[in-house]
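Visitor: Counting from 6, one number per residue, gives the positions in the sequence shown under my numbering.
From the three backbone atoms N, C-alpha and C, an ideal C-beta is built for every residue, glycine too.
This is the structure, below, for whatever I ask next.
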Amino acid sequence: MKETFEKQNIGICKFCGQKKKLIKAHIIPKNFYLSRKKDRYLCINSKTGEYTFQQNGGYDSNILCSNCDNHILGDFDKEGYRILLGNFNKYKYIQLHPQYKIYQLDSNDFDYTKLRKFFISILWRASISQLEEWSNINLGGYEKKAYEILKGRKEHSELFKILIYKNCYIEDINQEVLIAKGKTSKYKKYVIQMAGYRIEIMVDSARITNKYRLQYETYFLNSTYAHIIETTEVSRRVNHEYNLRMRELYEKGFVPPKPSGIK
Ligand SMILES: [Zn+2]
Numbered sequence: 006m007k008e009t010f011e012k013q014n015i016g017i018c019k020f021c022g023q024k025k026k027l028i029k030a031h032i033i034p035k036n037f038y039l040s041r042k043k044d045r046y047l048c049i050n051s052k053t054g055e056y057t058f059q060q061n062g063g064y065d066s067n068i069l070c071s072n073c074d075n076h077i078l079g080d081f082d083k084e085g086y087r088i089l090l091g092n093f094n095k096y097k098y099i100q101l102h103p104q105y106k107i108y109q110l111d112s113n114d115f116d117y118t119k120l121r122k123f124f125i126s127i128l129w130r131a132s133i134s135q136l137e138e139w140s141n142i143n144l145g146g147y148e149k150k151a152y153e154i155l156k157g158r159k160e161h162s163e164l165f166k167i168l169i170y171k172n173c174y175i176e177d178i179n180q181e182v183l184i185a186k187g188k189t190s191k192y193k194k195y196v197i198q199m200a201g202y203r204i205e206i207m208v209d210s211a212r213i214t215n216k217y218r219l220q221y222e223t224y225f226l227n228s229t230y231a232h233i234i235e236t237t238e239v240s241r242r243v244n245h246e247y248n249l250r251m252r253e254l255y256e257k258g259f260v261p262p263k264p265s266g267i268k
């Protein structure tokens, strides 16, 4: 009953450009928050690196209308859930080492356009958000290009090269959700960490060094294959960064929440 009298949040939707009622749009879809519990989320501020608890998760109420968030971008999110949170047993993998697996999904297993847009949409949402917690994520001139890709107007195939890593440890770390700028001065790179994944996105592949290209090009998400790389090397690095942050937090007397099911 109360809602009837609440002020409606009317504004310009950043995706369709129309004046509409704007809704609470999650920057990272909430299914990727493993620590979701009583609608409180553990998030990392992309600017300060600090942990924060957020009521109802990291959303922005000033960017999207319900149709764009739920049906258009929501459709890309669904492909993200299906591939990343689905049943991994059905995927074929190459085992190069006892602790090194590369899952290889072929074009029958995934929808390239939707999966690519899913990752780009997370960066785009964080980039357009005016909230302080995402203020470090700013695509600059690439924001418009990301939008053209999401709208299906242009492919910009040289942009947004994506590597998908999966953590091979089952630990608290998988509850961590963050978007961070990659530490490289040569090109723009972002890291999205969610639900035990580490997604690395090279914004402009023209700026990638040849050495890097030779090493990783095969594994960039492409229309023929999606590779999901599970290596102890990357997992260790993720774990190390996580432990450093956690140690800092514990020193400040912080007690992190546990994911559901873990006592
Ligand atoms: Zn809209």
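Considering only the beta carbon of each residue, do Ser132 and Phe81 sit closer than 9 Å?
Guide: With a cutoff of 9 Å on beta-carbon distance, Ser132 and Phe81 are scored as not near each other.
Visitor: Report the three-state DSSP secondary structure of Phe165 (helix, strand or coil).
Guide: strand
Visitor: For ligand 3, which residues count as neighbours when the test is a C-beta closer than 5 Å to any heavy atom?
Guide: This structure does not include ligand 3; its bound ligands are ligand 1.
Visitor: Just to confirm, is the Cβ distance from Cys173 to Lys106 under 9 Å?
Guide: yes
Visitor: What did DSSP end up calling Lys149 once you bin it into helix, strand or coil?
Guide: helix
Visitor: Applying the 10 Å Cβ sphere with the 16-neighbour rule, what's the burial state of Gly85?
Guide: buried
Visitor: For the beta strand (DSSP E) that contains Glu235, what are its first and last residues?
Guide: 230–236
Visitor: Work out the CA separation of Ile167 and Tyr195 for me, nearest whole Å.
Guide: 10 Å
Visitor: Reducing DSSP to helix, strand and coil, say where Glu205 ends up.
Guide: strand
Visitor: Just the C-alpha distance for Tyr152 and Gly258, rounded to the nearest angstrom, thanks.
Guide: 42 Å
Visitor: For Asp65, name the three-state secondary structure that DSSP assigns.
Guide: Residue state, collapsed to three classes: strand.
Visitor: Count the CB pairs spanning the stretch 133–147 and the stretch 101–121 that are closer than 8 Å, and state whether there are at least three.
Guide: No: fewer than three Cβ pairs fall under 8 Å.
Visitor: By DSSP, does Tyr192 sit in helix, in strand, or in coil?
Guide: Annotated three-state conformation of Tyr192 is coil, per DSSP.
Visitor: Touching or not, the stretch 217–228 and the stretch 237–249, by the rule of three or more beta carbon pairs under 8 Å?
Guide: no
Visitor: Could you tell me the alpha carbon to alpha carbon distance between Met251 and Lys216, rounded to whole angstroms?
Guide: 33 Å
Visitor: Since Glu148 and Trp129 are thought to touch, with beta carbons under 8 Å apart, how far apart are those beta carbons, to the nearest angstrom?
Guide: 7 Å
Visitor: Could you give the distance in angstroms between the alpha-carbon of Cys73 and the alpha-carbon of Pro103?
Guide: 44 Å
Visitor: Where Phe10 and Lys26 are concerned, what is the direct C-alpha to C-alpha distance, given to the nearest angstrom?
Guide: Because Phe10 carries a pLDDT of 47, less than 50, the predicted location of this residue cannot be relied on, and the following value inherits that uncertainty. In a straight line, the C-alpha of Phe10 is about 15 Å away from that of Lys26.
Visitor: Starting from Gln220, trace the alpha helix (DSSP H) both ways and give me its first and last residue.
Guide: 215–221
Visitor: Is Tyr5 helix, strand or coil when you go by DSSP?
Guide: Past the boundaries of the shown model lies residue 5; the chain is included only from 6 to 268, so the question cannot be answered.
Visitor: Roughly how many angstroms lie between the CA atoms of Leu5 and Ile234, to the nearest whole one?
Guide: Only positions 6 to 268 of the chain appear in this structure, which leaves residue 5 out of reach.
Visitor: Measuring straight from C-alpha to C-alpha, what distance separates Asn36 and Gly91?
Guide: 12 Å
Visitor: Take Ala211 and list the residues in its own chain whose beta-carbon comes closer than 7 Å to its own, dropping the five residues that flank it on each side.
Guide: Glu163
Visitor: Tell me whether Ile5 is buried or exposed, calling it buried when 16 or more other Cβ atoms sit within 10 Å of its Cβ.
Guide: Residue 5 cannot be examined here, being either before or after the span of the chain that is shown, 6 to 268.
Visitor: What did DSSP end up calling Lys97 once you bin it into helix, strand or coil?
Guide: It is coil, neither helix nor strand.
Visitor: What does the Cβ neighbour count give for His77, buried or exposed, with the cut at 16 atoms within 10 Å?
Guide: Reading off the sequence shown, one finds Ile at residue 77, where the question assumed His. It is buried - the Cβ of Ile77 has at least 16 other Cβ atoms within 10 Å.
Visitor: If you draw a straight line from the alpha carbon of Tyr230 to that of Asp209, how long is it in whole angstroms?
Guide: 20 Å
Visitor: Take the Cβ of Glu181 as the centre, count every other Cβ of all protein chains shown within 10 Å, and call the residue buried at 16 or more, exposed below.
Guide: The residue in question, Glu181, is buried, as its Cβ has 16 or more Cβ neighbours within 10 Å.
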